[in-house]
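Working notes for the structure below.
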Amino acid sequence: MHLISIDDLSAADIENLFSLSDGFLEIASRSIKKVPSLRGRTIINVFLEASTRTQSSFELAGKRLSADVINIKGSSSSVSKGESLKDTILTLESYRPDVLVMRHPQVGASRMATRYTSASVINAGDGTGEHPTQCLLDLYSLRRVYGRLDGLKVAIVGDVLRSRVARSDLFGFRKMGIDVRLVGPPTLMPPGIEYWDVPVYNDLDALEDVDVIYLLRMQLERAKGKVPPVPSLREYSRVWGLSQYRVKPGQRVMHPGPINRGVELSGDLADDERSLILHQVESGLAVRMAILLTAVAPAAEEATG
Ligand code: NCD
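Take a look at the structure:
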């Protein structure tokens, strides 16, 4: 089973992953946090773009399932010597891995990798394409906090244009019955957004009646030399940045990380009890254990015991 896009999963598949994640969350609270479910299996994490959360989460998830885990990282890999993605994957295929977790700066890289490996490929972020495991951990955090997903109202705010998280979250959230809107300046909305069939607002007033405000980082490193879509980060933060005062008492704030304190949100809001940012990271480990287990052994529900 590959996981390239959030659309590879049905609502029932997502619920099954969450049942497994519940077991792994409980295991994470024990003093010994390891289970033998993937003993003897091989997981290769290929991270050809910067990452803290996603990489550490997948590495720890594989180790806690007792798999053999190796990590290939961008600047220290042979990609920096000019090796093509095809040759990197073919080389790693010689080890007969069970799972290949891949992050790459180009859209479609994970899908391409499926052509050269018999392992299950998991997309851990492909350029501005998709980030399905982020969507799953976000959904799982929401389910833990609210006890339900159907009927929640979520605003995704900021740099939608370059955000793979926004893409996966929008499609995955709607699949689970969440009412989603996008909020931000028109220059940060992708061309053709009208075909996504989602309400778009260019004003923070659109946050008034939502349960959750999902903030995105300004991803300037993905702009690659083009004219910046906002005049300056300072102006962006003055108009669109959120502080404690702009968030209503019952509302929750989410962010995939890494956060830029003082840009999309103030430092005090990041540390506020309404922020779920670290809760998301905790959810991510349990969800990725469930994803890895399902990728190797689709009917292995009992293996969490
Ligand atoms: C996101 C990513 O890499 O797409 N971060 C993450 O995986 N936690 C979001 C971002 O880079 O802003």
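In our numbering, the protein residues as written are 3 to 307. Positions of the beta carbon are idealized from the N, C-alpha and C atoms, including for glycine.
Practice prompt. Using 7 angstroms as the cut-off, classify the Cβ of Val167 as near or not near the heavy atoms of ligand 1, replying yes or no.
Written response: yes
Discussion item. Please identify the residue among Asp211, Ser268 and Gln282 whose C-alpha is closest to the C-alpha of Pro308.
Written reply: Absent from the model: residue 308. The displayed extent of the chain is 3 to 307, so no value can be given.
Discussion item. For a quick check, are the C-beta atoms of Val185 and Leu163 less than 8 angstroms apart?
Written reply: no
Worksheet item: Does the Cβ-Cβ distance between Val101 and Ile72 come in under 8 angstroms?
Response: no
Practice prompt. Classify Leu280 as buried or exposed, calling it buried when 16 or more other Cβ atoms lie within 10 Å of its own Cβ.
Written response: exposed
Worksheet item: Hey, quick one: how far does the alpha helix (DSSP H) through Val37 stretch, first residue to last?
Response: It is not in any alpha helix (DSSP H) - Val37 carries neither H nor E in the DSSP assignment.
Worksheet item: Any chance the CB of Tyr219 is under 7 angstroms from a heavy atom of ligand 1?
Response: Residue 219 is actually Arg in this sequence, not Tyr. Yes, since a heavy atom of ligand 1 falls inside the 7 angstroms radius drawn around the Cβ of Arg219.
Discussion item. Which residue marks the beginning of the beta strand (DSSP E) containing Ser112, and which one marks its end?
Written reply: No beta strand (DSSP E) holds Ser112; the alpha helix (DSSP H) holding it covers Ala111 to Ala115.
Practice prompt. Kindly confirm or deny that the region 190-201 and the region 161-177 touch, where touching means at least three C-beta pairs closer than 8 angstroms.
Written response: yes
Worksheet item: Can you tell me whether DSSP reads Leu163 as helix, strand or coil?
Response: coil
Worksheet item: If you pair each beta-carbon of the region 113-122 with each one of the region 61-79, do three or more pairs fall below 8 angstroms?
Response: no
Discussion item. Check for me: the alpha helix (DSSP H) holding Tyr97 runs from which residue to which?
Written reply: From DSSP, Tyr97 is part of no alpha helix (DSSP H); its letter is neither H nor E.
Item to complete: Could you tell me which residues DSSP puts in a beta bridge with Met338?
Response: In the structure as shown, the chain begins at 3 and stops at 307. Residue 338 is therefore absent and cannot be evaluated.
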